[in-house]
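Under the numbering used here, the first residue of the sequence shown is numbered 4, with each subsequent residue one higher.
Heads up, the thing below is written out as C-alpha cells.
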Amino acid sequence: MPWNMNDYPSSLKNLDTPVKKKAIDIANAMLDEGYDEGRAIPIATEQAKEWYENATEDEIKEAKQMGDDELESRDPDDNQYDNRPELLDKGEHVVSHEDGWAVQAEDAKKPSNVYEDKNEAVSRAKEVAENKGTQVIIHKKDGSIQEKTDY
C-alpha cells in the first residue's frame, strides 16, 4: 500500500510539509519500480530535500496542495521516475566529460550529474555512493583509475 500523509515512515515526521509530501511521492514511485523500503526512504528523503532547495515558490505551493489521492496514485505512462533499481548496487564513477567531470553509475546509460570542477563531481559521487552503500571510482582524465573508496 502506498504511503500518504496519514501513514508514512517515521523518519519523515520532522520534515516540512512540502518536503515530506515530495519524499512520500518519490518513495512511492521508487517502491513501484522495485526498490526496497530500506533504500527508497533515505534516497527519497535526500532527493526531496534537494528538490526543495531548488524549487520555485509555485512548485513548493503545488507540493503543499498535493492530496493523499495524488500521493498514492501512479500514472503508468509517467516516466518521471524511470529509474533502474539494478544501478543501486553499482559504484559511482567520476569520469572526464566534454563539459568537465561527470558522475555516472557503473553501467548507466548517461551521467547523473556533470560538473565543471572535478572536486565537485567527486564530492557528489561520494555522497551518492555513501547513500547507496557502494563505492566511488575516481578516474584520471585519460580514463585510468586514480582512486577507489568503498562505503
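Cβ atoms here follow ideal geometry from the backbone N, Cα and C, with glycine treated the same way.
Rounded to a whole number of angstroms, what is the C-alpha to C-alpha distance between residue i and residue j?
i	j	result
Ala128	Asp19	27 Å
Ser13	Asn57	25 Å
Asn69	Lys151	Looking at the sequence provided, one finds Met at residue 69 rather than Asn. So the two alpha carbons sit approximately 42 Å from each other.
Asn17	Tyr118	32 Å
Met33	Glu130	19 Å
Lys143	Leu15	39 Å
Glu40	Lys23	16 Å
Asn122	Asn7	38 Å
Val106	Asp153	16 Å
Ile75	Pro5	According to the sequence as given, residue 75 is Glu; it is not Ile. Looking at the two C-alpha atoms, the distance is approximately 5 Å.
Asp72	His96	38 Å
To the nearest whole angstrom, what separates the beta carbons of residue i and residue j, a pair I think is in contact under 8 Å?
i	j	result
Ala132	Val139	5 Å
Gly103	Asp120	7 Å
Assign residue i to buried or exposed, taking buried as 16 or more other Cβ atoms, counted over all protein chains shown, within 10 Å of its Cβ.
i	result
Thr137	buried
Ile29	buried
Asp85	Confidence at Asp85 is low in this model, with a pLDDT of 47, below 50, so its placement is unreliable and no value can be given for it.
Ser147	exposed
Asn9	exposed
Lys135	buried
Thr67	One detail in the question is off: residue 67 reads as Lys in this sequence, not Thr. The residue in question, Lys67, is exposed, as its Cβ has fewer than 16 Cβ neighbours within 10 Å.
Asn31	buried
Gln83	Low local confidence applies: a pLDDT of 35 at Gln83 is under 50, so the model's placement there is unreliable, with the coordinate-based value given in what follows. That one is exposed.
Gln149	exposed
From the options, pick the residue whose C-alpha is nearest to that of residue i; which is it?
i	options	result
Ser99	Lys67, Ala108, Lys64 and Ile141	Ile141
Thr59	Glu73, Asp110 and Pro21	Pro21
Lys25	Ile46, Tyr38 and Arg42	Ile46
Glu101	Glu130, Glu73 and Asp145	Asp145
Any heavy atom of the ligand MN closer than 7 Å to the CB of residue i?
i	result
Thr137	The model on display carries no ligand, and the ligand MN is accordingly not part of it.
At a cut of 8 Å, does the stretch 112-127 reach the stretch 44-60 through at least three beta carbon pairs? Result no; under three Cβ-Cβ pairs closer than 8 Å.
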